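Engineer:
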């Protein structure tokens, strides 16, 4: 107590203020601006006009959008499922490794981050290119017709997306698995559960938080992806991110770009908030 | 009652480390059998082999006449109470207890009635819908026991079940375990490093040391007639008189020992050693009497003179450390009289120590390192 009196501790808000200020300045205000710009008219040669208009919001009902939105949803959903599906066994395996080996395997998993994201995508492009080694090999083996291409379709986008997002899925799942008490699996086995059943009824619920984090960390960037589709996907695999980029970069129609971004934001935010609230209600009162 | 659950000549190595070496235990139906030993003695490995979590390198596991060595844990009619309970944190107390029955595909009504019966037995009905994080250590312990027993196992394995509880709760849970055992009547295999738990709960105890079994017997046999210096020193406290040599054998089974640096003693020749053979005897501190007055002569009594080196007063009893030539004896005496009115024994007092020749026990194996297991090893020991 005396200690606390002599050196007055800074009040709690003093500690949260910097991050709160940062988030307000660079996240909250821009988000609000995007929502506002969605209700502005667009100028014919680019830029934002005066006054208010619903034309950008109405443009969301463009007949070409449903297909792109649907593709965005299913590609991100499959990507997330694959990342979690691959992430869980990998995280389980790492968490059960002895401490020293664990560090090396974790290093291998974050190794891709040491080279730039765009360079890694361009490497995929080179690898899959018509003159690239993989295509050449498949042609040589007569598996592939020389007139087709490995690039520029939605499956390539999915592959590269999974490749990019997988470490982001593994890390939070591993963080949860590392704290998991593996004697619980023994207990489940002891009580009659098969290995699979023990894994399903005890391990997965035990790492729920990690799974949820991985889900968000993979799903959200997958939803907004555009560089991958741009470089290896082509128009066949266009996702909502590409439409937004095009509205900004070539059309300079900021209100329409804002309307799309705001809609994307709402689509992601709404289920998240619902999940958060139902979870809080379930845990209601539970001391954690 | 025949042997019901058997671990036959079990050997298990981890890398180059021999955790269990050629160990056999046989447990009778309805018996509480303890594996007692210090950490790293192999008792937990033996338990994990019994549960099916580890496969032995050699040996067999037999339950009710059937060889179950190769069966995985989920196919054995054996359940375990784990060291740190291992309750499923995301399930309520009710769901934890119901887990095994649900896996076994029992009917809803059966599960309900059995879980309620268990909750009644452990007296936790009002906590049925709480998560494990919200109940106390003792309550968790009871849930862990109920969760195992609800499956009606043939054998219940308990791995240091009271280790995480404080002393008072431990004693209460010990009584509760005893009551539960009376109620269910199945065999218990109880693993512990705590001799008090093992002694008070068990029908029989196997004392383990460095991967092998030192001795199997009832608590009284283990305490009164330890076969090795390890058993004598690990369970309770004792005095070793290790330099004995039989010099004279009497017809009634007693013999005279000659010792280096200690007066000659008379003791019962438990192992029928011939004259001239070296022997080691162990005398428990509470078997020794300490007094100012010289005890009367008696044919089978030993009396030696010594000097008090240290005294620890516990209230109900006092521990005296008395130097007798090259040895330091530890003596535990009940304070059955009003001490303030008596002449109290003080440091450096000259006292008599006496014991009956039948109150010592002759060891079959003596290892000098085991002296370190004693409560207070003699600082002047060689």
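Protein chains in written order, with my numbering: chain X, 1 to 288; chain A, 289 to 670.
Ideal Cβ placement from N, Cα and C applies to all residues, glycine included.
In this text, all values refer to a predicted model and were calculated from it rather than measured experimentally.
Below 7 Å between beta carbons is the criterion; list the residues of the stretch 195-220 of chain X that meet it against any residue of chain A, in chain order.
Structural biologist: If the cut-off is 7 Å between Cβ atoms, the stretch 195-220 of chain X has 197, 202, 205 and 206 near chain A.
Engineer: Could you name the residues of chain X that residue 386 of chain A contacts, counting a contact when the two beta carbons are closer than 9 Å?
Structural biologist: By Cβ distance, chain X contributes nothing, its closest Cβ being about 10 Å from residue 386 of chain A, past 9 Å.
Engineer: Consider the Cβ of residue 664 of chain A: report whether some Cβ of chain X lies at a distance smaller than 8 Å.
Structural biologist: It does not: the Cβ of residue 664 of chain A has no partner Cβ on chain X nearer than 8 Å.
Engineer: So, using beta-carbon positions, are residue 384 of chain A and residue 375 of chain A closer together than 8 Å?
Structural biologist: Yes.
Engineer: Compile a chain-ordered list of the residues in the stretch 363-376 of chain A whose CB is closer than 9 Å to at least one CB of chain X.
Structural biologist: Hits within the stretch, in order: 363, 364, 366, 367, 368, 370, 371, 372, 373, 374, 375 and 376.
Engineer: Strictly under 8 Å for the Cβ-Cβ distance: is residue 184 of chain X near chain A by that measure?
Structural biologist: Chain A contact via Cβ: present.
Engineer: Taking the Cβ atom as the reference point for each residue, do residue 340 of chain A and residue 497 of chain A lie within a distance shorter than 8 Å?
Structural biologist: Against a cut-off of 8 Å, the Cβ pair of residue 497 of chain A and residue 340 of chain A comes out as no contact.
Engineer: Taking 8 Å as the CB-CB cut-off, is residue 378 of chain A touching chain X?
Structural biologist: Chain X contact via Cβ: present.
Engineer: Do residue 567 of chain A and residue 671 of chain A come within 8 Å of each other at the CB atom, strictly closer than that value?
Structural biologist: Look at the range of chain A in this structure, 289 to 670, and you will see that residue 671 of chain A is not part of it.
Engineer: Out of curiosity, what's the CA-to-CA distance linking residue 594 of chain A and residue 99 of chain X?
Structural biologist: In a straight line, the C-alpha of residue 594 of chain A is about 56 Å away from that of residue 99 of chain X.
Engineer: Is any beta-carbon of chain A found at less than 8 Å from that of residue 230 of chain X?
Structural biologist: So, not an interface residue.
Engineer: For residue 551 of chain A, decide whether its Cβ has a neighbour in chain X, counting only Cβ atoms nearer than 8 Å.
Structural biologist: For residue 551 of chain A, the answer is no, since every Cβ of chain X falls outside 8 Å of its Cβ.
Engineer: Ignoring anything shorter than 4 residues, give me the alpha helix (DSSP H) runs that lie fully in the stretch 154-181 of chain X, in order along the chain.
Structural biologist: Counting only runs of 4 or more, we get 154-179.
Engineer: Any idea what DSSP makes of residue 473 of chain A, helix, strand or coil?
Structural biologist: In the structure shown, residue 473 of chain A sits in coil (DSSP, three-state: anything other than H, G, I, E or B).
Engineer: Determine the contact status of residue 468 of chain A and residue 495 of chain A, defining contact as a CB-CB distance below 8 Å.
Structural biologist: In this structure, residue 495 of chain A does not lie closer than 8 Å to residue 468 of chain A by Cβ.
Engineer: What's the call for residue 298 of chain A, buried or exposed, on a 16-neighbour Cβ count within 10 Å?
Structural biologist: Buried.
Engineer: Is there a Cβ of chain X sitting closer than 8 Å to that of residue 358 of chain A, yes or no?
Structural biologist: So no, residue 358 of chain A is outside the interface.
Engineer: If contact means a Cβ-Cβ distance below 8 Å, which residues of the stretch 91-114 of chain X contact chain A?
Structural biologist: Going along the stretch 91-114 of chain X in chain order, one finds no residue with a Cβ nearer than 8 Å to chain A.
Engineer: Counting C-beta neighbours from all protein chains within 10 Å, is the total for residue 162 of chain X 16 or more, i.e. buried, or is it exposed?
Structural biologist: Label assigned to residue 162 of chain X: buried.
Engineer: Identify whether residue 296 of chain A lies in helix, strand or coil by the three-state DSSP scheme.
Structural biologist: Note: residue 296 of chain A maps to strand in three-state DSSP.
Engineer: Can you name, in chain order, every residue of its own chain whose Cβ lies under 6 Å from the Cβ of residue 520 of chain A, other than the five neighbours on each side?
Structural biologist: Hits under 6 Å: 514, 526 and 570.
Engineer: Please confirm whether residue 123 of chain X has its beta-carbon closer than 8 Å to some beta-carbon of chain A.
Structural biologist: Not an interface residue.
Engineer: Mind checking residue 516 of chain A: buried by the 16 CB within 10 Å criterion, or exposed?
Structural biologist: Buried, by the Cβ-count rule.
Engineer: Between the Cα of residue 77 of chain X and the Cα atoms of X/214, X/112 and X/62, which residue gives the shortest distance?
Structural biologist: Comparing Cα positions, the closest option is X/214.
Engineer: Would residue 537 of chain A and residue 451 of chain A be called neighbours here (beta carbons separated by less than 8 Å)?
Structural biologist: Contact: no.
Engineer: Please report the distance separating the alpha-carbon of residue 333 of chain A from that of residue 239 of chain X.
Structural biologist: The straight-line gap from Cα to Cα measures roughly 57 Å.
Engineer: Could you give the C-beta distance for residue 154 of chain X and residue 233 of chain X, rounded to a whole number, given that I count them as a contact under 8 Å?
Structural biologist: With a Cβ gap of about 7 Å, residue 154 of chain X and residue 233 of chain X count as contacting.
Engineer: Skipping 5 residues on each side, what residues in its chain have a beta carbon closer than 6 Å to that of residue 439 of chain A?
Structural biologist: Only 367 and 388 meet the Cβ criterion.
Engineer: Between the stretch 470-481 of chain A and the stretch 441-455 of chain A, are three or more C-beta pairs nearer than 8 Å?
Structural biologist: With a cut-off of 8 Å, the stretch 441-455 of chain A and the stretch 470-481 of chain A count as touching, because enough Cβ pairs lie within range.
Engineer: Specify, as a first and last residue, the run of the beta strand (DSSP E) that residue 605 of chain A falls within.
Structural biologist: Segment 605-612, the beta strand (DSSP E) holding residue 605 of chain A.
Engineer: Below 8 Å on the Cβ atoms is my contact criterion, and I expect residue 250 of chain X with residue 34 of chain X to pass it. Report the Cβ-Cβ distance as a whole number of Å.
Structural biologist: Going by Cβ atoms, the distance from residue 250 of chain X to residue 34 of chain X rounds to 19 Å, so no, they are not a contact pair.
Engineer: So what's residue 271 of chain A in DSSP terms, helix, strand or just coil?
Structural biologist: No statement about residue 271 of chain A is possible, as the shown extent of chain A runs from 289 to 670 and does not include it.
Engineer: Report the rounded CA-to-CA distance for residue 349 of chain A versus residue 309 of chain A, giving the unit in angstroms.
Structural biologist: Taking the straight line joining both Cα atoms gives about 15 Å.
Engineer: DSSP three-state call for residue 143 of chain X: helix, strand or coil?
Structural biologist: Of the three classes helix, strand and coil, the one that applies to residue 143 of chain X here is coil, per DSSP.
Engineer: At 4 residues or longer, and completely inside the stretch 536-573 of chain A: list those alpha helix (DSSP H) runs for me, N to C.
Structural biologist: Segments of the alpha helix (DSSP H) lying fully in the stretch 536-573 of chain A: there are none.
Engineer: Reducing DSSP to helix, strand and coil, say where residue 590 of chain A ends up.
Structural biologist: Strand, per DSSP.
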